[in-house]
Amino acid sequence: MSTTEGAGVEALYPFLYVRPTDPDALLEEVRRSCVAKAREIVSLREEVATRHGEDLSRCAARMAAAFASGGRLFVFGNGGSATDAQALAQLFAHPASGRAHPATCLSADMAVVTALSNDVGYDLALARQVAAFARPGDVVVGLSTSGGSANVLNALREARRRRALTVGVAGGDGGRMAADDAADHLFVVPSSSVHRIQEAQTTLCHVLWELVQEAPAGDG
């Protein structure tokens, strides 16, 4: 590990670098760190609920209406957001209880993603899939911790052109996603920590699924 990498890790986990190491002091520092992070994510989730609660309900009602009319869900992201996108598609398509809805993660098929990235460029790898699959009345959700992922933004724009319901999930100040008009509903987690953003986004997406489940089928 380089000196720079070591400094970065130490900034994230300072309690691992206490010298000399006192087991009791180290455990106490770990406890304090865990408590602080737990309080931070709870506070952030409460802020997101206050900021976006009403729009989450409106978005869920529109999604439920779309599904009732034969609409499908397409969701995508990069890296950790791709993992969250897969989890969201799985939640809608194969819920433990409640109504199942057709859902696909466009980030999940590496053959398609790598082929399009190689042939037309990574920035269009998701948009080309949206162009191929999405139709009016579908629901398209793009996740990005920064709100600035070009491929996510391009895919949302393509979905808007195809008259799908578009949903953006971002972090920080929303980045380019907030400055763009591609998302009919935009949910921003106001944090500079990627870890906290993704934790809150996971909760936000699960709440959205719950609200869709609770919405009367066909209620616009």
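With numbering that gives the first Met the number 0 as the guide, the letters of the sequence shown map in order to residues 0 to 219. Backbone N, C-alpha and C fix where the C-beta goes; we use that ideal spot for every residue, glycine too. From a predicted model like this one, the values you see are computed outputs, not experimental measurements.
query, result
"Output the residue ranges of the beta strand (DSSP E) runs that lie fully inside the stretch 85-159 and measure 3 residues or longer, sorted by chain position.", "102-104, 138-142"
"Can the beta-carbon of V168 be found less than 8 angstroms from the beta-carbon of C58?", "no"
"Would DSSP call A169 helix, strand or coil?", "strand"
"Using 8 angstroms for Cβ pairs, my map puts F75 next to A154. What's the rounded Cβ distance?", "6 angstroms"
"Taking only three categories from DSSP, how would you classify H205?", "helix"
"Determine the direct distance from the alpha carbon of A214 to that of G78, and round the result to whole angstroms.", "31 angstroms"
"Quick one: using the 10 Å Cβ neighbour count with 16 as the cut-off for buried, is H100 buried or exposed?", "buried"
"Determine the burial state of E157: buried for a count of at least 16 other Cβ atoms within 10 Å of its Cβ, exposed for fewer.", "buried"
"Under 8 angstroms, do D83 and C204 count as touching if we go by C-beta distance?", "yes"
"Could you pull out every residue in the same chain whose Cβ sits closer than 6 angstroms to the Cβ of Q85, ignoring the five residues on either side in sequence?", "C104, A107"
"Excluding sequence positions up to five away, which residues of its chain have a Cβ less than 7 angstroms from the Cβ of S80?", "L142, S143, T144"
"Evaluate contact between the stretch 62-72 and the stretch 123-141, counting only Cβ atoms and requiring at least three cross-stretch pairs below 8 angstroms.", "yes"
"With distances taken Cα to Cα, identify the nearest neighbour of S192 among Q200, A130, P94.", "Q200"
"Nearest-angstrom Cα distance between R175 and A92?", "30 angstroms"
"Exposed or buried, which one is L26 when buried takes at least 16 other CB atoms within 10 Å?", "exposed"
"Please confirm whether A114 and V138 have their CB atoms less than 8 angstroms apart.", "no"
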